[in-house]
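Below is one structure, written out as C-alpha cells; the observations come after it.
In the numbering used here, the protein residues as written are 335 to 469.
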C-alpha cells in the first residue's frame, strides 16, 4: 500500500509532538508572526494540533509553506498536502497530525480561525442556565 499524507495509522504521541515542534521551529526560523498552536485532540478528528501563523507578504507565506513541506519530508519521510499556494493569501498545509494555516495578516484577521476554535471552549465553559420566567 502506498504511503499518503492521509494514510490511516495510529498516531504516536512522541512523533506528533516532534512534528509540531519541527513546524514551530521552521516558522520561527522564517520569522513568522503571531504563531499559535491549538491542541485539537479530543475536540476534532482532523488532527491533533492546528498551527496558525502570519507572514508579511504572499512571498513569505509561500516560502514558509515550501520549507515546512521540505522539512517534514526530510525528517519524517512523508509528503504533506498543500493548498492555496497560487495566491498565497491563505495556505493550508495538511501534515496529517498537524494542520498548518499560513496567512497574510489581513486575511487572517478576516477569517479569524483562532476565535472559531476558541469559541467552543468559551461557550461550553461559560454557559449558564437561562432564568426561568416568573409566573
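Built from N, CA and C at the ideal position, the CB exists for glycine as well.
It should be emphasised that the depicted structure is a prediction, and the values quoted were computed from it without experimental measurement.
In terms of alpha-carbon separation, which member of the options lies closest to residue i?
{"i": "residue 391", "options": "353, 358, 437", "result": "437"}
{"i": "residue 448", "options": "374, 421, 345, 393", "result": "374"}
{"i": "residue 427", "options": "439, 346, 444, 407", "result": "407"}
{"i": "residue 389", "options": "381, 399, 382", "result": "399"}
{"i": "residue 396", "options": "423, 412, 383", "result": "423"}
{"i": "residue 402", "options": "360, 345, 446", "result": "360"}
{"i": "residue 417", "options": "410, 411, 434", "result": "434"}
{"i": "residue 394", "options": "352, 346, 366, 404", "result": "366"}
{"i": "residue 355", "options": "446, 450, 405", "result": "405"}
In the DSSP assignment, find the unbroken alpha helix (DSSP H) run with residue i in it and report its ends.
{"i": "residue 369", "result": "It is not in any alpha helix (DSSP H) - residue 369 instead sits in the beta strand (DSSP E) that spans 367 to 373."}
{"i": "residue 385", "result": "Unbroken run through residue 385 is the beta strand (DSSP E), 383 to 388; no alpha helix (DSSP H)."}
{"i": "residue 345", "result": "Careful: residue 345 lies outside any alpha helix (DSSP H) and carries neither H nor E."}
{"i": "residue 397", "result": "392 to 410"}
For the putative contact between residue i and residue j, defined by C-beta atoms under 8 Å, what is the C-beta separation to the nearest angstrom?
{"i": "residue 414", "j": "residue 429", "result": "5 Å"}
{"i": "residue 385", "j": "residue 371", "result": "5 Å"}
{"i": "residue 348", "j": "residue 431", "result": "Not a contact, Cβ separation roughly 11 Å."}
In the DSSP assignment, what residue or residues form a beta bridge with residue i?
{"i": "residue 416", "result": "427"}
{"i": "residue 435", "result": "386, 426"}
Are the C-beta of residue i and some C-beta of chain D separated by less than 8 Å?
{"i": "residue 366", "result": "Judged by its chain identifiers, the structure shown contains no chain D, having just a single protein chain."}
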